[in-house]
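Some notes on the structure that comes next.
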Amino acid sequence: MLQNRTFMKKTKQGGIRKVVREHYLRDDIYCGAPFCKACDVSGARLSSTASKILVVDTNVVLNQIDLLENPAIDDVVVLSVVLEEVKNKNIGIYNRLRALCSSSSRRFFVFSNQNHRDAYVKAMPGETPNDHNDRAIRVATQWYQNHLGTAVPVLLITNDRENKRKALEEGISAETVESYVKSLDKPELLDLIVQSSSEDVSMEDVEDLRPSKRKVVYTEHKPMSEITAGLLRGIYHQGKLRVNRYNPFEAYVGSESIGDEIIIYGRANMNRAFDGDIVAVELLPQEQWHEEKSLVIADEEDEEEDVHLAPSSADDAPRVTNLGQESAGLASGVPSRPSGRVVGIIRRNWKSYCGSLEPMPMPAGDGGIAHALFVSKDRRIPKIRIKTRQLGNLLDKRIVVAVDSWDCLSRYPSGHYVRTIGEIGDRDTESEVVLIENDIDARPFSSQVLSCLPPLPWSVSSEDLSNPIRQDLRHLCIFSVDPPGCRDIDDALHCTALPNGNFEVGVHIADVTNFVHHGTALDNEASQRGTSVYLVERRIDMLPKPLTEDICSLRADVERLAFSVIWEMTPEAEIISTKYTKSVIKSCAALSYVEAQARMDDSRLVDPVTTNLRNMNALAKIMRQRRIERGALTLASAEVKFQIDTETHDPLDIGMYQIREANQMVEEFMLAANVSVAEKILKHFPLCSLLRRHPTPTKEMLEPLLRTAAAVGLSLDVTSSKALAESLDRAVGDDPYFNKLIRILATRCMTQAVYFCSGDLSPPEFNHYGLAAPLYTHFTSPIRRYADVIVHRLLAASLGISRLPDIFQDRPQLTSIADNLNYRHRNAQMASRASVELHTLIYFKNRPTDTEARIVKIRSNGFIVFVPKYGIEGPVNLSKKGGEWLVDEQQQKVKRSDNSISYGVLQTVHIHMEVVEPQPHRPKLELTLTEK
């Protein structure tokens with residue numbers, strides 16, 4: 026049956042045109058119930074023993090997704106009209122709903138009501154889209170009731186009072202979320218229910234929210250119309266709010282409109298904004314601007330709005346005086362930083378938070394409901410007020426809580442319990458907290474994903490060897506060099522001396538796209554995960570282990586498929602020619618960095634692998650020096666290495682990761698391959714190539730580095746990456762660690778490198794600042810990064826090996842993929858750091874330690890130190906040392922008022938490190954000064 030759908034569409038020129046589309050209606054769409062007598066039940070997903078079948082409306086999905094994800098809720102019909110509306114309103118919840126509908130362990134069934142002849146409804150004249158969708162949901166529910174008859178009750182779940190009223194009038198069984206959950210006799214499920222402001226609120230709830238009973242705590246947010254007008258007129262400034270990790274009462278909003286960070290002091294000025302929210306900020310009068318950020322460790326209760334100020338009023342409180350504020354001479358030299366207040370939230374960044382409960386001193390409500398404050402493990406997150414019926418069982422647990430609302434009458438946001446993670450302090454529990462807080466998907470791969478893999482054992486076939494697109498390179502002496510114990514080996518190398526005195530050098534990358542085909546469940550899963558995540562004690566794979574550790578891993582002495590970049594190079598590392606080819610290789614050695622370095626250093630070894638290593642290393646040194654001369658930065662980071670007990674997974678030792686020449690050699694050729702591939706794909710696909718750029722840091726971003734350098738007598742030139750690189754080379758102090766510290770500080774002033782679609786920017790914006798490369802991409806790690814999978818497809822298409830998937834013609838979709846890759850890459854980094862912090866706490870828990878540290882930043886009441894031996898950074902709070910301290914933030918110096926002792930930036934200090942728990946369930950590594 027054919028229906029014409031007519032709607033109006035706005036053109037790019039601002040006009041309106043009528044669009045008519047053919048809409049086919051069918052009568053062979055099945056209901057998904059296995060006991061149905063009329064339908065084909067081969068694809069049934071609902072239970073054969075279901076006591077009820079639930080049909081949920083859009084608002085229930087949008088507001089109650091945490092409840093729907095609970096295993097107690099099953100046999101749910103999700104209408105296609107609901108699925109589409111959820112997709113348009115919240116892509117995150119849409120993805121969670123799709124996961125429920127595709128999970129083999131859940132009984133959720135998608136019914137295509139919009140294509141069913143008896144369930145389809147045509148829009149009525151004057152009917153709003155919301156009313157049309159509500160009517161479509163009621164019609165589909167009515168169809169289910171009639172279709173299944175007395176076999177099983179069908180129940181519409183809606184919190185919309187009007188929709189429920191109409192349903193009951195039309196003979197449809199309907200209930201609110203709360204009434205249905207109460208009927209299940211599982212009180213703990215009631216904790217998951219959200220009372221959204223967009224839904225109808227019961228009178229009992231209204232009684233608790235009477236404005237007359239409560240005072241206004243925060244300023245009302247401006248309406249979006251006023252915010253938009255204010256942004257256009259320059260009255261307000263838009264940016265992402267970032268809360269200070271050491272001080273939750275201080276935040277920064279990077280504003281392009283004023284070219285600087287706006288500092289937000291105190292909860293009142295943050296005005297209910299969360300870390301990561303996109304906010305509108307109004308600048309305060311200039312006389313209220315602050316000269317520098319303070320440093321306070323978030324141990325205090327956040328009941329006081331001025332808790333960020335150093336204590337000075339109490340007689341027994343140690344005093345810290347900022348010379349930049351008290352000395353007129355110094356004050357004139359300290360630039361005031363713009364300060365402001367949040368006037369509105371443009372986009373919320375609320376997510377699920379992990380932490381524990383702090384019981385509130387108030388009696389329990391009716392029905393055993395207790396009020397409690399949730400304390401997030403992340404100090405940047407305010408406490409969250411929740412109601413629970415299971416307080417006694419949750420007090421010693423890490424739990425997940427979601428935020429529902431935060432009105433101006435409440436000191437704290439309101440939220441609801443989602444689920445329990447495990448016992449507080451248990452390592453597995455705390456590791457899962459790291460994953461949840463960083464939105465890392467660590468679920469096992471689904472059966473649909475695993476079904477895309479070739480059967481094991483897998484080996485190169487005769488068809489692979491005879492394929493004309495694939496070159497047989499098994500005769501070459503190819504080897505890999507990786508971290509010790511690496512099993513997902515995705516790159517290998519070779520270097521052969523040619524008769525003409527040149528070298529043939531090859532980079533061979535696992536041919537992942539031979540197994541991960543576009544549009545499959547495996548590809549979609551990898552696209553969503555974006556990257557593998559490396560924690561201290563385990564790896565969370567982007568692709569299933571049969572691929573990462575076997576089929577695609579370029580292990581020694583086995584034949585594997587690869588994608589190769591092969592150069593002819595002169596002994597001076599000049600590239601004569603470049604060739605790209607699919608290949609078959611057989612690695613002759615899988616070396617660790619230590620093993621490769623030992624081979625190169627042992628003059629007695631002259632075997633082919635060692636000779637090739639030495640030749641490659643000689644070429645790499647020349648290539649590296651040439652990059653540096655072009656302006657590439659040699660930066661440094663504090664990479665921490667743990668020795669882990671193989672049985673308990675507890676850390677046995679901790680230290681800085683050591684970089685060897687072998688590491689740098691591999692890095693150099695991976696960089697060269699990435700640059701060569703970037704040039705190739707951009708030449709063929711100038712509008713849809715996936716590239717990676719590193720934006721030039723702004724002057725404001727480099728200011729902390731310049732100030733620190735000036736304080737120790739260094740003058741750094743930051744006019745270009747080349748000038749900065751040369752300045753860093755000249756930054757040599759009396760001890761060997763001085764230069765590394767300066768480079769670590771320089772690293773922290775940089776922007777994040779990001780993926781982008783070439784059609785979205787102009788060529789000058791493609792530049793990679795850190796590498797001083799006009800073009801760059803990621804090609805060399807397709808086992809671990811989905812960006813490389815995309816680039817492999819682009820390279821294969823540019824060589825005529827395969828057709829480019831249609832998605833590459835959809836630029837908005839490509840941009841969305843790049844955005845997700847950036848998000849996933851950033852989260853993976855944050856999860857890795859959080860895992861290091863967790864294991865650092867575990868290691869030092871019963872190991873109080875005295876050691877040396879270097880001051881890297883001085884603040885108004887303390888300084889931040891870096892501990893070279895362990896790669897740890899943290900704050901030292903001077904206000905805990907007693908006496909009066911005088912701080913000169915401009916000169917980056919601090920001294921006692923009696924001049925008995927003083928400290929300067931980059932100076933060595935002695936500290937004591939010990940794990941303490943100033944607040945329940947919030948252990949931290951406290952660093953205190955031990956004056957020697």
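Residues are numbered in this note's numbering as their position in the sequence shown, beginning at 1, plus a constant of 25. Note that CB positions come from ideal geometry on N, CA and C, so glycine has one too. From a predicted model like this one, the values you see are computed outputs, not experimental measurements.
query, result
"Mapping DSSP to helix, strand and coil, what is I514?", "coil"
"With a CB to CB cut of under 7 Å and the five nearest residues on each side skipped, what residues in its chain are close to A798?", "V700"
"Name the two residues that bound the continuous beta strand (DSSP E) containing F804.", "Here F804 belongs to no beta strand (DSSP E), and DSSP marks it neither H nor E."
"Given that a residue counts as buried once 16 or more other Cβ atoms are within 10 Å of its Cβ, and exposed if not, what is M567?", "buried"
"With 16 as the cutoff for other CB atoms within 10 Å, does N958 come out buried or exposed?", "The structure shown does not extend to residue 958, since the chain is modelled only from 26 through 957, so no value can be given for it."
"For V901, which residues in the same chain have their Cβ closer than 7 Å to its Cβ, ignoring the five residues on either side in sequence?", "G887, F888, V890, I936, L952, T953, L954"
"Are there 16 or more other CB atoms within 10 angstroms of the CB of E229, so buried, or fewer, so exposed?", "Here E229 scores only 36 on pLDDT, less than 50, and its place in the model should not be relied on; the value that follows carries that caveat. By the neighbour-count rule (16 or more Cβ atoms within 10 Å), E229 is not buried but exposed."
"In the structure shown, what three-state DSSP assignment does C520 receive?", "strand"
"Taking buried to mean at least 16 other C-beta atoms within 10 Å of its own C-beta, is K1006 buried or exposed?", "In the structure as shown, the chain starts at 26 and stops at 957, and residue 1006 therefore has no counterpart that could be examined."
"Within 10 angstroms of its Cβ, does E110 collect 16 or more other Cβ (buried), or is it exposed?", "buried"
"Report, in whole angstroms, the separation of the C-beta atoms of A736 and Q944, which I expect to be a contact under 8 Å.", "Incorrect: roughly 34 Å between the Cβ atoms, too far for contact."
"According to DSSP, simplified to helix, strand and coil, what is R362?", "strand"
"Among residues of its own chain, excluding the 5 on either side of I394, which ones have a beta-carbon nearer than 8 Å to its beta-carbon?", "K412, T413, R414"
"Return the residue from the list V743, Y801, I98, R836 that minimises the CA-CA distance to D785.", "R836"
"Distance, Cα to Cα, S827 vs A821?", "6 Å"
"What separation, rounded to the nearest whole angstrom, lies between the Cα atoms of N637 and S456?", "42 Å"
"Terminal residues of the continuous alpha helix (DSSP H) containing N83?", "Looking at the sequence shown, residue 83 is not Asn but Thr. Here the alpha helix (DSSP H) through T83 covers 83-88."
"Can you tell me which of the three DSSP states I706 falls into?", "helix"
"Note down the Cα distance separating L731 from E654, rounded to an integer number of angstroms.", "22 Å"
"Let me confirm a value: A254 is counted as buried when at least 16 other C-beta atoms fall within 10 Å, else exposed. Which label applies?", "exposed"
"Spatial neighbours of S552 within its chain, please: C-beta separation below 6 Å, excluding the five flanking residues on both sides.", "Y811"
"Between the C-alpha atoms of V426 and D451, what's the straight-line distance to the nearest angstrom?", "19 Å"
"Could you give the first and the last residue of the continuous beta strand (DSSP E) run that contains Q263?", "261-268"
"Count the other C-beta atoms from every protein chain shown that fall within 10 angstroms of the C-beta of Q263, then say buried if there are 16 or more, exposed otherwise.", "buried"
"Which word fits P524, buried or exposed, when buried means at least 16 other C-beta atoms lie within 10 angstroms of its C-beta?", "exposed"
"Helix, strand or coil for I406? Go by DSSP, reduced to three states.", "coil"
"By a C-beta neighbour count over all protein chains shown, 10 Å radius and 16 as the cutoff for buried, is L104 buried or exposed?", "buried"
"Around the Cβ of A734, are there at least 16 other Cβ atoms within 10 angstroms (buried) or fewer (exposed)?", "buried"
"List the endpoints of the continuous alpha helix (DSSP H) containing T201.", "Careful: T201 lies outside any alpha helix (DSSP H) and carries neither H nor E."
"Along the chain, where does the beta strand (DSSP E) containing C782 start, and where does it finish?", "779-782"
"Counting only runs of 3+ residues fully inside the region 855-934, write out the beta strand (DSSP E) ranges in chain order.", "874-884, 887-892, 897-902, 909-913, 918-921, 927-929"
"Compare the beta carbon distance of I260 and R362 with 7 Å and say whether it is the shorter of the two.", "no"
"Put Y848 into one of helix, strand or coil per three-state DSSP.", "helix"
"Mind checking who D582 pairs with in its DSSP beta bridge?", "DSSP, once it has assigned bridges, lists no residue as partnering D582."
"In angstroms, rounded to a whole number, what distance separates the CA positions of V345 and V919?", "Per-residue confidence for V345 stands at a pLDDT of 38, beneath the threshold of 50, marking its modelled position as unreliable; the derived number appears in the next sentence. Approximately 10 Å, taken between the alpha carbons."
"Relative to the alpha-carbon of D429, which residue among A63, L766, L217 has its alpha-carbon at the smallest distance?", "L217"
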